[in-house]
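Chains as they are written, first to last, in our numbering: chain A, 2 to 546; chain B, 2 to 546.
Beta carbons are placed, not taken as given, at the ideal position from N, Cα and C, and that holds for glycine.
Below you'll find the structure, written out as C-alpha cells, and then a few comments.
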C-alpha cells in the first residue's frame, strides 16, 4: 500500500484556494499510484479559523470543499481534516473531524477528542469532544485516524486530559495510525513532536504517518516537519521545515525498514526561518508585496530589515532613516550601509523641523515643565507617522521592529516605534536578537558589525543608553523568561539567585505595561509563550503591579 | 434565618483590597444579626482573572484570602467564590468554586459545573468542571450552592451543555438556592437574568438568592442587579444597577411574601450608566483621575466627553480642539461650547503648521502623487500625537472617541483617531450614539444641538461627509447588527431585504479591517457581541474579504 503525505500551506477561509491545492496534490498522488493521501487538520478552512466557525455559511463552504474532494476520490482514499456538525442538540455545534473519503463518499469520520484550550488554542470554544472511537478498513488494512492533540495524551499521562483516544482505538487492532495536525512552531516544538510520535509508536508498536501544516496564519507559524515513523520508533522520514512537500511512501517498507533520519534543529536557525515565512505569508495572504520600516542604525531594526529582505526581496523593503538632533553620526551611516547591502530603497527624512513644529504649539501649554518622556515620545510618534505616510501612499505594510524584552517592560512608544502591521521580532528576546544578527551574518556581513557591538540606545535624548533605564539585557531576559515562559512565582525567581529589587521591578513593569501590548501588532510567535493571543492578562489587574 | 447579600466592586488581583471590602461587609452583616452572607463569583481575586490563574502565587493569595475570611466566620456563614485546586492529576489544575465558611472553617465547597467558553469567557482554559454535587446544612437549613452559569441550563435545555447541576442537587432536598455570580452587563442581560432565575425558581419551587458583581474590569462591566426571588417567581428584591449594595433579608419573609418589584430597564439609560462606571473604574483601578480627548465638534467626541465628565468630573476631562484648514467654523464653536458647558479645561491647537512641516518633508518623496487618504491620515495622526503629548505630560489617559459603526468598517486612522487607552463608545452604533446624545440632553442641553443635527463628517478634506464613503448609518447599522451580533450569513441578510452590493461591501469592510481593531484600545462592552476579547477573528482570513 502506498501513502502520500501532502504538507501544504493553507489560507484561513480561502476554501477554493485550499481545495485547489489539495486537488492538485491528489492528482500527483494518483500519478504516483498512491492508495491514500493524507492532508492536515482543518485543511478545508485553514487553522485556526477562530470565530468564523460561528458562521453557518463558513461551515457550508467547508462542506462544499468536502463535496469537491469526494468527486475525485475514485481509486484513492483522501484523509482530510474539516469541521463537521454535531447532530445532537446538547453540547457544542461542531466537531473538529478527520474525514476518510473514498469511492465518491465519506466512508468514516473520526472526531477529535482532546481539544487544546490553553495558550493560543481555543478549541473548546467551538468543538464538542469525541465520545466514540473506531477505525476504518480500506484495501484490507485497518486504519486508526487521529487529529493533532489526540496523540498527545499517551497512556493518559498528560495531566491536562482524562481520556486517551488512541488507547480507545486499539481494541479494533489497527495496522497503522494516521494523524492530521496543525501543530504550531516554537523553537522547541519539532523535537517535542518527534518524542510524542515516538512514544505513541512504541506504545502501540505501529507505524504512524503524521501530516502537519506549514506556513503562517497571522502570528501563528506552522513549521511542517511532518513525520513518518516506523514501528520501532525510527524516523523513516521527516519532511522539511517551512516548505510545502508532497511525498509518497510504501507502507510495507516503512513498516520493515530501519531507515532513520532527522533534520538539524538549531534554535536560532529555526527562529530565523520561521520569521522569514511568517513575514512572507502575512504579506502574501493579505495581498501585499512591499514593506516599509524605520532603520535607526540599531540592531533591532537592522535584523528586522534583513529578515524582511529575505522574505520579500530587498527591493521590496523600503527603509526610512529618520535622524533627529539626538541621533549619532554613525547611526545614519550604519543604517545606510545596511540598506545598500540589502538592495533596499531608502529615504532620509530629518525629523527636527517637524519636532519643532510640534513644540512650537505645545510649549505655550507646557510652559516651564521640564523635558521628559513626553518629548521623547513625540519624536517616536513623528517617526511612526512618517512610516505610516509611506505605508499609506505606496501600499506597503509597516513592519514593527520592537524586540520582546522591550515589549515586556514597556520600553517603547505606543503609536511610535510600537506602530506597525506585524511585529517581526516581538517574540525574540534582545539577547536572542544578537544571536540572530550573528546568524544572519554567518556567511557575509549583512548587518553592519557596528550595529551589533554598540551599546543599545533609543537616541531620544543626549547620550541616552538603554542601560540607563533598564537592567543589562542578559539579566533582564533571564528574569523575564522565568516569569513569562515558565510562569514562576516572584519569590522562586529571587530564590534562583536574581536580585530581589530587580525582579520586583521587572515584573511590575511587565504587568503595568499590559495596556501597551494590548494595542500592538500581532507578534510572530517563535517561543512557547508569546505576547498576544496566547497570553491573556487583565489590563486593570493589580497583581504584582 | 437572615441572609445578607453583598454586591461589591472587586478589583482583579487586589486580594487585600477585595478581602478588606468583604470583611467590612461581614461586620455590617453581623451587626444586622445575619446568619449567612453571600458574596459573588471569584470574589477573592476578581473576575475575570485570566492567565493570572496560571501563577501558583496568585492561587496562594486567593487561599490566604479564604484564611482571612475563616478567621471572622464565628456566628456567621460566609459564602464566597474563589478558585480551588484540583487534587486529581488528570484534568485542569483548578476549580471555580463556591466556599461555605462557618465556625472558623470551610464547611463545604461546591465546584462550578458549567464553564462558559464562548464570547468573552474562557473558563475551560483554566477550570475543570464539577462532577459531584451536594448541599450544605447550616442552622437547620439545607442549602444548594451554585456558581453563575450553573443556573443557566434549566432542565438541561440549554444546547451548550449536557448536565444540569441544580437538578443533581435536588435529591438532597435543599430549602433554598444561593448563587454567586459574575454576570457581565449587556443592555439585554438584566431582563434575561431575571427570566433565568425565575425559570429555576419555578422548576424547583425554591427561593433563590443571586449575588452579582458590580463595576468594570477593563472592558467588561458588571451591572449588579442582584436578585432575591420568592418561590413563586416574584422578584422580592432587585439590587440597584452599577452601585455597591449590602442588604439583609429574612428568609421566612422572602419565602412567604408576594412582594414583587423590579427596576426600569431602558436600553439607552442602561448603556449610559454602564459606560459611566466603565470609565470611572478604568481610571480608578489604574490609579488615574484625569482624562484627555480631542473634541472635534462632532457628535462622537461630544458624547464621549459628556460621559467622561459624568464619570470623572468635568474639571478632570481635558479637551483638545485641533482644527485644520478643513475644519468648519462651527466645529470649533460647538466644541468650545461643550467644553464650557462641562466645566472642562480646553486648549486650541491649530494643526496646519505641523501638517505643513510633515508635507515639506514628504512632498519631495511623494512628487506628483495626488492628495489621498495618506494626507487625511497625517492630520488624524497629528491629533493623536498631540493628545498623547498632553496625556504623557500631565498623566491623563487619552479617551478614544470612535463609535462602533466606524470601527466595524475601518473608517478611522490607526494611531490617529483610533488612539487612546480606552474606547468609550466603540460598542455603540452611530445610530445609538444619537440616542445617547439625546438622553444626555434630556434635562438640559449639554451637547450642542448643532453637534447632533449636522451631517457627520471627518473634516479631513474640503466639504467631506461620512456619507461620501459610507452608506447612511441607519442602513449600515442594521446590516452590521445582523452580521456581527446575530452572525447571520450574507445571503440571509440580503434575503431580509438589504441591498446585495451594500451588504457585500459592508461585510468585506468589516473583515478586511480586522487589523485595525486588533490594535485599538479595549472597548467598553455594552452589547452582546462587542469588538475585542469576545470576538476573535483571524487577520489574514480570506472569508468574505
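Next on the checklist: Assuming residue 357 of chain A is part of the alpha helix (DSSP H), what are its boundary residues?
Outcome noted: Taken as a continuous stretch (DSSP letters only), the alpha helix (DSSP H) holding residue 357 of chain A covers 353–367.
Next on the checklist: Counting only beta-carbon separations shorter than 7 Å, does residue 287 of chain B have a partner in chain A?
Outcome noted: Chain A contact via Cβ: present.
Checklist entry - Looking only at C-alpha atoms, which of A:83, A:351, A:354 sits nearest to residue 46 of chain A? => result Its Cα nearest to that of residue 46 of chain A, the residue A:83 stands out among A:83, A:351, A:354.
Next on the checklist: For a test of the three-state rule: what should DSSP assign to residue 350 of chain A, helix, strand or coil?
Outcome noted: For residue 350 of chain A, the three-state secondary structure derived from DSSP is coil.
Checklist entry - Going by other Cβ atoms of all chains shown within 10 Å of its Cβ, with 16 needed for buried, is residue 268 of chain A buried or exposed? => result It is exposed - the Cβ of residue 268 of chain A has fewer than 16 other Cβ atoms within 10 Å.
Checklist entry - Can you find a CB in chain C that lies within less than 7 Å of the CB of residue 514 of chain B? => result The structure shown contains no chain C; the protein chains it does contain are A and B.
Checklist entry - If we count Cβ pairs, one from each stretch, closer than 8 Å, do we get three or more for the region 279–293 of chain A versus the region 389–399 of chain A? => result By the Cβ rule, the region 279–293 of chain A counts as touching the region 389–399 of chain A, because three or more pairs are nearer than 8 Å.
Next on the checklist: Using a Cβ-Cβ cutoff of less than 8 Å, which residues in the same chain neighbour residue 430 of chain A once the five nearest sequence positions on both sides are dropped?
Outcome noted: The beta carbon of residue 430 of chain A lies closer than 8 Å to those of 404, 405, 406, 474, 478, 481, 482 in the same chain, with the five residues before and after it left out.
Checklist entry - Which partner residues of residue 3 of chain A appear in the DSSP bridge assignment? => result Residue 3 of chain A is bridged to A:251.
Next on the checklist: Assuming contact is defined by CB atoms lying nearer than 7 Å, are residue 255 of chain B and residue 208 of chain B in contact in what I supplied?
Outcome noted: A contact, by the Cβ cut-off of 7 Å.
Checklist entry - Three-state secondary structure (DSSP) at residue 138 of chain A? => result It is a strand residue.
Checklist entry - Can you list, in chain order, the residues of the region 48–81 of chain A whose Cβ is nearer than 9 Å to any Cβ on chain B? => result Close to chain B, meaning a Cβ-Cβ distance shorter than 9 Å, are the following residues of the region 48–81 of chain A: 49, 50, 51, 52, 53, 55, 56, 57, 58, 59, 61, 62.
Checklist entry - Helix or strand or just coil, what does DSSP make of residue 561 of chain B? => result Beyond the ends of chain B as shown, which are 2 and 546, falls residue 561 of chain B; an answer cannot be given.
Item to check | Burial state of residue 434 of chain B, where buried means 16 or more other Cβ atoms lie within 10 Å | outcome: Buried, by the Cβ-count rule.
Next on the checklist: Please classify residue 450 of chain A as buried or exposed, where buried requires at least 16 neighbouring CB atoms within 10 angstroms.
Outcome noted: By the neighbour-count rule (16 or more Cβ atoms within 10 Å), residue 450 of chain A is not buried but exposed.
Next on the checklist: Run through chain B and tell me which residues come within less than 7 Å of residue 490 of chain A, C-beta to C-beta.
Outcome noted: Chain B residues near residue 490 of chain A: 56, 57, 58.
Checklist entry - Taking any Cβ of chain B, which residues in the region 7–23 of chain A have a Cβ under 8 Å from it, in chain order? => result For the region 7–23 of chain A, residues whose beta-carbon sits nearer than 8 Å to a beta-carbon of chain B comprise 12, 13, 14, 15, 18.
Next on the checklist: Considering just the uninterrupted stretch of the beta strand (DSSP E) at residue 103 of chain B, what are its terminal residues?
Outcome noted: Residue 103 of chain B -> beta strand (DSSP E) spans 95–103.
Checklist entry - For the candidate residues B:148, B:66, B:509, B:379, whose alpha-carbon lies nearest to that of residue 411 of chain B? => result With distances taken between Cα atoms, residue 411 of chain B lies closest to B:509.
Checklist entry - Curious, which full-length beta strand (DSSP E) runs of at least 3 residues does the region 223–297 of chain B contain? => result Inside the region 223–297 of chain B, DSSP marks whole beta strand (DSSP E) runs of 3 or more residues at positions 228–230, 236–239, 246–251, 292–295, from first to last along the chain.
Item to check | Within-7 Å CB hit, residue 362 of chain B to chain A | outcome: Closer than 7 Å to some Cβ of chain A, the Cβ of residue 362 of chain B qualifies, so yes.
Next on the checklist: Please classify residue 301 of chain B as buried or exposed, where buried requires at least 16 other C-beta atoms within 10 Å of its C-beta.
Outcome noted: Residue 301 of chain B counts as buried, since at least 16 other C-beta atoms from the protein chains shown sit within 10 angstroms of its C-beta.
Checklist entry - Of all the beta strand (DSSP E) runs that stay within the bounds of the region 33–60 of chain B, which reach a length of 3 or more residues? => result Those beta strand (DSSP E) runs which fall completely within the region 33–60 of chain B and span 3+ residues are 37–39.
Checklist entry - Applying a beta-carbon distance threshold of less than 9 Å, which residues of chain B neighbour residue 317 of chain A? => result The premise fails here: residue 317 of chain A is roughly 17 Å from chain B at the closest Cβ pair, so nothing lies under 9 Å.
Checklist entry - Beta-carbon of residue 151 of chain B versus every beta-carbon of chain A: anything under 7 Å? => result Any Cβ of chain A closer than 7 Å to the Cβ of residue 151 of chain B would place that residue at the interface, and such an atom is absent.
Checklist entry - Could you give the distance in angstroms between the alpha-carbon of residue 528 of chain B and the alpha-carbon of residue 358 of chain A? => result So the two alpha carbons sit approximately 42 Å from each other.
Checklist entry - If you measure beta-carbon to beta-carbon, which residues of the region 393–414 of chain B are closer than 8 Å to chain A? => result Answer in chain order: 393, 394.
Checklist entry - How many Å lie between residue 387 of chain A and residue 379 of chain B at the Cα? => result Here the C-alpha atom of residue 387 of chain A lies approximately 8 Å from the C-alpha atom of residue 379 of chain B.
Item to check | Beta-carbon proximity check, residue 552 of chain A vs residue 447 of chain A, cutoff 7 Å | outcome: This structure gives no information on residue 552 of chain A, because the portion of chain A shown stretches from 2 to 546.
Checklist entry - When the Cα of residue 51 of chain B is compared with those of A:545, A:544, A:537, which residue comes out closest? => result Closest by alpha carbon: A:537.
Checklist entry - Excluding five sequence neighbours on each side, which residues of the same chain lie with their C-beta closer than 8 Å to the C-beta of residue 277 of chain B? => result Taken in chain order, the residues that qualify are 243, 308, 311, 312.
Item to check | CB contact flag (residue 3 of chain A, residue 57 of chain A, <7 Å) | outcome: No, Cβ-Cβ distance for residue 3 of chain A and residue 57 of chain A is not below 7 Å.
Item to check | CB of residue 110 of chain B within 7 Å of CB of residue 85 of chain B, strictly | outcome: Yes; because the gap between Cβ atoms is below 7 Å, this pair is in contact.
Item to check | Unbroken alpha helix (DSSP H) run spanning residue 470 of chain B, endpoints | outcome: Run containing residue 470 of chain B: 467–470, per the alpha helix (DSSP H) assignment.
Checklist entry - By Cβ distance, which residues of its chain are closer than 8 Å to residue 192 of chain B, with the 5 residues on each side in sequence left out? => result Excluding residues up to 5 positions away in sequence, 266 lie with their Cβ nearer than 8 Å to the Cβ of residue 192 of chain B in the same chain.
Checklist entry - In three-state terms, what does DSSP make of residue 321 of chain B? => result Strand at residue 321 of chain B.
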